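In UniProt numbering, the protein residues as written are 1 to 230.
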Amino acid sequence: MVPSNLSLGLTAIFLIGSGIWVLSSYFKQRNYILGYFSYFLLGIGGASAIWALGSFLVDKNPGITALSYPIGLLLGGIGITYFTRVGLNLIIPKYEKPIFWMFMAGNTISTLTMFFEVIVPERTAEGVVIWNISPTRGLWIVVIGVVITLFNLILFSLEAARVKNKILKIRAILIDLALVFYMGGGLAHNIVKTETQTILADVTTAFGAAILLVAVYLQTLSRKVGKSKS
Numbered sequence: 001m002v003p004s005n006l007s008l009g010l011t012a013i014f015l016i017g018s019g020i021w022v023l024s025s026y027f028k029q030r031n032y033i034l035g036y037f038s039y040f041l042l043g044i045g046g047a048s049a050i051w052a053l054g055s056f057l058v059d060k061n062p063g064i065t066a067l068s069y070p071i072g073l074l075l076g077g078i079g080i081t082y083f084t085r086v087g088l089n090l091i092i093p094k095y096e097k098p099i100f101w102m103f104m105a106g107n108t109i110s111t112l113t114m115f116f117e118v119i120v121p122e123r124t125a126e127g128v129v130i131w132n133i134s135p136t137r138g139l140w141i142v143v144i145g146v147v148i149t150l151f152n153l154i155l156f157s158l159e160a161a162r163v164k165n166k167i168l169k170i171r172a173i174l175i176d177l178a179l180v181f182y183m184g185g186g187l188a189h190n191i192v193k194t195e196t197q198t199i200l201a202d203v204t205t206a207f208g209a210a211i212l213l214v215a216v217y218l219q220t221l222s223r224k225v226g227k228s229k230s
């Protein structure tokens, strides 16, 4: 498996697996915040899976690969919007619904316009897929992504400062860090033009996903460690 397929595929497996795990907890506890968080994980995991498939097919069917990009953006945007809903519920629940639906509508409309833009992805000799997004479109996606990321960083920073439970505080901090790396690397894919830049974006995104997984399983791991010590 070539580098782009491998990094995207592994990221997708871990995120979707974690999303299913959180979703099962939601069905048991009926905690709507768990439900929103599972939709977030499944959304960005689904995006990684679509892009992994597109990367795999770039040599055989570049048209499908090109189509996979906006589909992945749509899924990832839905996931990030549900992530925003988690923070809104924790910090400003009164305004959660209108802000959530405003973000959802903006993401959907903006992403749908991507289907009308022709992109020509290519694979380098080393197996790295460069998506070749137009500079204007790439910059637009980055600007929107940065605004949403900063908004979520503020929400979860406030949550980290507010909570007293040590595990929950660490989790909120880890989620902030994960968001910086995952969104930073993910958004970079819209503007990178060289193989080295693409690899760096892949690694940064995967590192963010790894931190996110630690945050997801942190409470479970701490309980197991506590039981083993007792």
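Ideal Cβ positions, reconstructed from N, Cα and C, are used throughout, including at glycine. Quick caveat, the model's predicted, so the values are computed rather than measured.
> Of the choices P121, F116 and L155, whose alpha-carbon is the least far from that of I96?
Replying inline: This sequence places Glu at residue 96; Ile is not what is there. The residue with the shortest Cα to Cα distance from E96 is L155.
> Near S38, what residues of its chain come up, given a Cβ to Cβ distance below 7 Å and the 5 sequence neighbours on each side ignored?
Replying inline: G19, V22, L23 and Y26
> Can N152 and L179 be called in contact, C-beta distance under 7 Å?
Replying inline: yes
> The alpha helix (DSSP H) with D176 in it runs from where to where?
Replying inline: K166 to A188
> Cα separation between I141 and F103?
Replying inline: 14 Å
>> For the pair the region 38-53 and the region 64-73, tell me if three or more CB-CB distances fall below 8 Å.
In response: yes
> For V129, does the three-state DSSP call read helix, strand or coil?
Replying inline: strand
>> If you reduce the DSSP assignment to three classes, tell me which class R30 lands in.
In response: coil
>> What would DSSP say about E159, mapped onto helix, strand or coil?
In response: helix
> In chain order, what residues of the same chain lie with their CB nearer than 6 Å to the CB of T65, ignoring the 5 residues before and after it?
Replying inline: G54, L57, V58 and P121
>> For T124 and T81, what's the separation of their Cα atoms in angstroms?
In response: 33 Å
>> Using a Cβ-Cβ cutoff of less than 8 Å, which residues in the same chain neighbour L75 once the five nearest sequence positions on both sides are dropped?
In response: G43, I44, G46, A47 and I50
>> I need the DSSP call for E122, collapsed to helix, strand or coil.
In response: strand
>> Taking the alpha-carbon of N111 as reference, which of A12, A210 and G77 has the nearest alpha-carbon?
In response: With the sequence shown as reference, residue 111 is identified as Thr, and Asn is not the correct amino acid for it. Comparing Cα-Cα distances from T111 to each of A12, A210 and G77, the minimum goes to G77.
> Do L88 and I99 have their CB atoms nearer than 7 Å?
Replying inline: yes
> Skipping 5 residues on each side, what residues in its chain have a beta carbon closer than 8 Å to that of Y36?
Replying inline: Y82, F83, R85, V86 and N89
> The alpha helix (DSSP H) spanning S134 covers which residue range?
Replying inline: Unbroken run through S134: none, as it is neither H nor E.
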